[in-house]
Every structure is written in structure tokens, then in C-alpha cells.
Amino acid sequence: MSAHGDPIPMVSRKGPALTGVAEVPGDKSISHRALILGALAVGETQVTGLLEGQDVLDTAAAMGAFGAEVVRHGAGAWSVHGVGTGGFAEPQDVIDHGNSGTGVRLVMGAMATTPISATFTGDASLRSRPMGRITDPLALFGAEAHGRAGGRLPLTLVGARSPAPVRYTLPVASAQVKSAVLLAGLNAPGETIVIEPEATRDHTERMLRGFGATLFAEDSAEGRVITLQGQPELRPQSIAVPRDPSSAAFPVCAGLLAEGSDVLVPGIGLNPTRAGLYTTLREMGADLTFENEREEGGEPVADLRARFSANMKGIEVPPERAASMIDEYPVLSVVAAFAEGPTVMRGVRELRVKESDRIDAMAVGLRAAGVEVEEGEDWWIVHGRGMGSVAGGATVESRLDHRIAMAFLVMGLATDKPMRVDDGGPIATSFPIFEPLMSGLGAAITRANS
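Quick note: the sequence shown, position 111, residue 111 per full-length UniProt numbering, numbers continuous.
What follows is the structure, encoded as C-alpha cells:
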């Protein structure tokens with residue numbers, strides 16, 4: 001069932017060419033961080049373009065529970081009156097993060113070095129996801145986690161009374177773990193150092209600098225070494241959130257797959273730690289162009305134009321690119337099904353512990369639609385059948401995962417027979433306007449019982 005209500009079955013089918021402008025919501029990663037750092041600053045931070053999906057709304061509620069004043073002024077326009085680094089108050093109730101792994105992990109990091117306790121929970125999907133990779137490094141600061149076996153939610157985190165700075169090497173590439181450690185380091189004396197063997201999205205580092213923290217990064221033989229000076233007084237900011245490249249992936253890929261389509265997706269953040277999908281699509285031969293390239297709020301931005309691409313080829317995606325497109329592999333695998341030949345994706349173990357096991361979820365659904373898939377623990381291969389050769393006609397389980405649901409709904413726009421998703425409800429967690437936006441382009445995506 002849906003993360004926040006009854007299941008919403010949905011269906012997609014071939015229809016007319018997709019045309020028009022797709023104005024996707026604000027970037028989810030930046031929205032989370034704007035709220036959290038605004039709450040840790042002294043004074044009032046103004047945010048425009050905030051993504052108002054359930055994941056981000058749950059983070060806003062969490063910041064309010066920790067004592068910040070969080071106010072919505074209109075569509076995407078919010079203010080956060082912060083309490084300062086180390087100023088969080090103990091919440092009076094359980095913090096419910098719904099479906100958001102990013103939200104709960106970053107918020108746990110932000111509170112881990114303040115001497116308070118908080119209990120965190122989420123929906124069935126989030127409660128099944130491992131938190132040990134967050135609580136283990138937070139324990140190095142002196143925080144204590146008490147929860148279910150395997151470190152799963154519900155979990156009570158007791159913040160460190162005398163936090164110590166840490167030096168931590170990420171065992172796997174994860175922007176969530178890196179960010180949680182950096183946020184914990186804000187209230188620890190001295191230097192907190194995070195070493196990442198592979199570069200991950202750097203929104204936290206960029207935003208920390210913008211709020212006045214002293215942080216620098218350098219490459220070494222160990223990898224990317226990020227050093228944060230603890231106990232700064234963060235200054236409030238005015239933040240314009242770029243549009244989300246992960247949400248943009250769905251109208252872009254739909255435009256590539258639906259015959260005759262020409263779709264413009266304006267104002268998309270193209271931070272190099274997030275733009276791996278678009279590089280990959282162009283390597284596959286997609287007719288995808290970047291227009292009006294510019295910089296907004298310290299982040300590179302462009303308008304993306306996607307046109308129907310009948311002759312894409314399967315490729316081997318470089319493993320080192322995985323961190324820059326980890327959330328886009330589900331929809332990439334859909335595009336790969338319509339390319340000629342195999343698309344090989346390696347170094348993607350992280351997909352096993354997302355909102356669902358995304359490798360398994362996509363492999364099961366693709367096979368049901370007539371596509372051959374091979375998989376291993378940290379790799380998978382989609383054997384593309386070429387445009388016009390994918391049968392479809394399957395009903396797939398979204399597994400409470402918004403990206404699985406949207407990926408298969410995009411797929412149905414180009415398969416011979418419609419594709420059905422058992423529950424599209426989780427889409428609201430990250431892309432609440434997905435249905436009207438896609439319908440506005442001409443996509444035949446509907447609720448199955450409507």
C-alpha cells in the first residue's frame with residue numbers, strides 16, 4: 001500500500017507524442033539541507049523553490065520539533081528561524097520521517113552531537129532499511145543508538161554530551177552518510193574529517209560554506225578528503241532551490257522514448273555530482289541537449305531538451321559514475337530496455353538498500369514486460385530489445401518506492417501493451433505533481449480505477 005494511505009493503482013500506455021514544457025519541482029536533496037542548515041543557523045533563512053513533497057515536509061516538521069520556527073509563506077516559499085549550532089531542543093514526540101531515508105539520516109546527524117534524545121520512525125519501507133551505517137559513525141562522536149536488530153527504526157538516538165571530532169572513511173560511497181557525519185561535526189570541537197573513496201553529491205559541502213562554515217576538500221591517495229572546522233556560528237541565508245535533476249529524469253526519459261516527442265525541462269540543477277544520468281544518456285545516443293547554461297545559487301543549471309531517440313545503443317556505464325546517478329538507475333534501466341544491445345551497470349550495491357531493493361524490483365518488472373535482465377550483488381545488465389520491440393503488458397509492484405513506480409509508468413508510454421503499477425501513492429513523497437505534469441505533456445498516465 002501507499003506510504004501515507006490506500007494503494008493507488010496506476011496505468012500508462014502509448015499515446016500521442018509528448019510536447020511542451022515540464023516544470024519539475026525543486027531539488028529534494030537541496031530542500032532537505034536548506035531546512036536543516038536553516039534550523040542550525042542563528043536568525044532567519046529564506047527559501048524559495050522548496051520541494052513540497054512529503055519527504056521534505058517531514059523534514060520541515062522535524063526541524064519544528066527540535067525547536068526551529070518553520071513557516072510556509074506560499075508555494076515553495078518558506079522561512080526557517082534557526083536555533084544555532086547545538087541549539088536543538090529535545091522533541092516532545094516521536095519524529096516520523098515517512099518514506100525518507102535522506103531526511104532521517106541527515107536529521108540524526110544534525111542532532112547527534114547535542115545532549116538530547118529523540119526517537120525516529122517511518123513507514124514500513126523506511127523501517128526496513130538499515131541505519132547502522134549512520135549510527136556507527138555517529139557513535140564515534142559519542143552518540144548512542146537504541147533500536148531494533150540491525151539498527152532499524154524505530155530507533156532512539158541519544159546525543160553525545162561531550163562530542164569528540166572524528167576522522168571517518170566511508171566504507172561505501174554515500175552522500176547521506178557523508179552528510180550525516182559533517183552535520184554531526186558542526187557541534188564537535190576541532191576538525192571533523194570525512195574521506196570518501198569516490199566523490200558523491202556535494203550539496204552539503206557547498207551549502208555549509210554558504211552558511212559560513214569553514215570547510216575545504218582536497219584529493220589524496222585515500223580519496224576525497226573533506227575537513228570541517230567545528231562549532232561555527234552559521235549565518236542565515238536566502239536560498240533559491242534549483243529544480244530537481246532526479247525528478248527531471250522522468251519527463252526527459254519519457255521524451256526520449258515516446259515517438260515524435262520534444263520536451264523542454266527548464267532550470268535543472270546540473271551539479272557534476274548529480275548529472276551522471278544525462279552524460280550516460282548522451283553516450284547512448286539520446287537526442288538530449290543542454291540550453292541556456294548558467295549558474296544559480298552556486299549550482300550549475302541548464303534547460304534540458306529531450307527529443308524522441310529511436311536509435312540508442314546499450315553501453316557499459318563506468319562504475320565510478322554510479323554515485324552521481326544512483327537514484328536514476330531505475331529509469332535508466334527502462335531506457336536501456338529500448339536501446340539496442342546490453343547496458344551494463346556495475347558498482348551499484350547502494351541500490352540494494354534504497355527505499356526498496358531497486359535492482360531486484362526493476363529486474364522483476366522488466367522481465368515481466370519481456371526484457372532480459374542479468375543481476376548480481378552490485379551489478380546488473382539490461383539486454384535492450386530496441387525501440388518498438390518491448391511487449392509490456394505487466395503489472396508491477398512499486399514496493400513503496402516512488403522511483404520504481406515512476407520508472408514503470410514511463411516505460412508504459414513506449415511498450416506495445418500498457419504497464420500497470422500496483423501503487424503510485426509513494427510518488428507524492430518526491431514528485432507530488434508528477435501526474436498533472438506528465439498529463440500536460442500528453443502522457444497517457446491515469447489512475448487505474450478512474
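Backbone N, C-alpha and C define an ideal beta-carbon position, used for all residues, glycine too. Just so we're clear, the structure is a prediction, and the values are computed from it rather than from any experiment.
TODO: Just confirm the distance between the C-beta atoms of P137 and V166, as a whole number of angstroms; I'd bet it's less than 8 Å.
DONE: Counted from its first residue, the sequence shown places residue 137 at position 137. Counted from its first residue, the sequence shown places residue 166 at position 166. Going by Cβ atoms, the distance from P137 to V166 rounds to 7 Å, so yes, they are a contact pair.
Open item on the list: Please report the distance separating the alpha-carbon of S2 from that of P91.
Closed with: Residue mapping note: residue 2 aligns to position 2 of the sequence shown, counting from 1. Residue mapping note: residue 91 aligns to position 91 of the sequence shown, counting from 1. Bear in mind that a pLDDT of 42 at S2, under 50, signals an unreliable position, so the model cannot answer this.
Task: Alpha-carbon spacing of E295 relative to M131, whole angstroms - done: Numbered from 1 along the sequence shown, position 295 holds the residue referred to as residue 295. Numbered from 1 along the sequence shown, position 131 holds the residue referred to as residue 131. About 35 Å.
Open item on the list: Which complete beta strand (DSSP E) runs does the segment 34 to 122 hold, if anything under 3 residues is left out?
Closed with: 42 to 48, 69 to 74, 77 to 83 and 117 to 121
- [ ] Answer yes if the segment 38 to 49 comes into contact with the segment 8 to 21, meaning at least three C-beta pairs across the two stretches below 8 Å, and no otherwise.
- [x] no
- [ ] Measure the alpha-carbon distance for Y278 versus V181 and round it to whole angstroms.
- [x] Here residue 278 corresponds to residue number 278 of the sequence shown, with the count starting at 1. Here residue 181 corresponds to residue number 181 of the sequence shown, with the count starting at 1. Their Cα atoms are separated by approximately 29 Å.
Task: Buried versus exposed, by CB contacts within 10 Å (16 or more), residue 454 - done: Not covered by the structure: residue 454. The range shown for the chain is 1 to 450.
Task: Check whether D422 and A391 have beta carbons under 7 Å apart - done: To locate residue 422, count along the sequence shown from 1; it is residue 422. To locate residue 391, count along the sequence shown from 1; it is residue 391. Cβ distance not < 7 Å, so D422 and A391 don't count as in contact.
- [ ] Report the three-state DSSP secondary structure of R274 (helix, strand or coil).
- [x] Here the question's residue 274 lines up with position 274 in the sequence shown. Reduced to three states, the DSSP call for R274 is coil.
Task: Those residues which DSSP pairs with E198 across a bridge - done: Counting from 1 along the sequence shown, the entry for residue 198 is found at position 198. Paired residues: none, contrary to the question.
Open item on the list: Is the separation between the beta-carbon of A339 and that of T48 shorter than 7 Å?
Closed with: The residue given as residue 339 occupies position 339 in the sequence shown. The residue given as residue 48 occupies position 48 in the sequence shown. Result no, Cβ atoms of A339 and T48 do not sit closer than 7 Å.
TODO: Would you decide whether T169 is buried or exposed? Buried here means 16 or more other CB atoms lie within 10 Å of its CB.
DONE: For the purposes of this step, residue 169 is taken as residue 169 along the sequence shown, with counting starting at 1. Exposed is the call here.
- [ ] Use the C-beta contact count for E355: other C-beta atoms within 10 angstroms, 16 or more gives buried, fewer gives exposed.
- [x] Counting from 1 along the sequence shown, the entry for residue 355 is found at position 355. Looking at its Cβ environment, which holds 16 or more other Cβ atoms inside 10 Å, E355 is buried.
- [ ] Using alpha carbons as the reference points, say which of G347, Q54 and L400 lies closest to I8.
- [x] Taking the sequence shown and counting its residues from 1, one reaches residue 8 at position 8. Closest option to I8, Cα to Cα, is L400.
Task: Backbone secondary structure at R349 - three-state DSSP - done: Taking the sequence shown and counting its residues from 1, the one referred to as residue 349 is at position 349. Three-state DSSP puts R349 in a helix.
Task: Cα-Cα separation, G212 to T204 - done: Locating residue 212 in the sequence shown gives position 212, where the first residue counts as 1. Locating residue 204 in the sequence shown gives position 204, where the first residue counts as 1. Whole-angstrom Cα-Cα distance: 12 Å.
Task: Under 7 Å between C-beta atoms of S117 and V158 - done: The residue you call residue 117 lines up with position 117 of the sequence shown. The residue you call residue 158 lines up with position 158 of the sequence shown. Cβ distance < 7 Å, so S117 and V158 count as in contact.
Open item on the list: Do A337 and G384 count as a contact pair if the criterion is CB distance below 7 Å?
Closed with: The residue given as residue 384 occupies position 384 in the sequence shown. The residue given as residue 337 occupies position 337 in the sequence shown. Closer than 7 Å, so yes.
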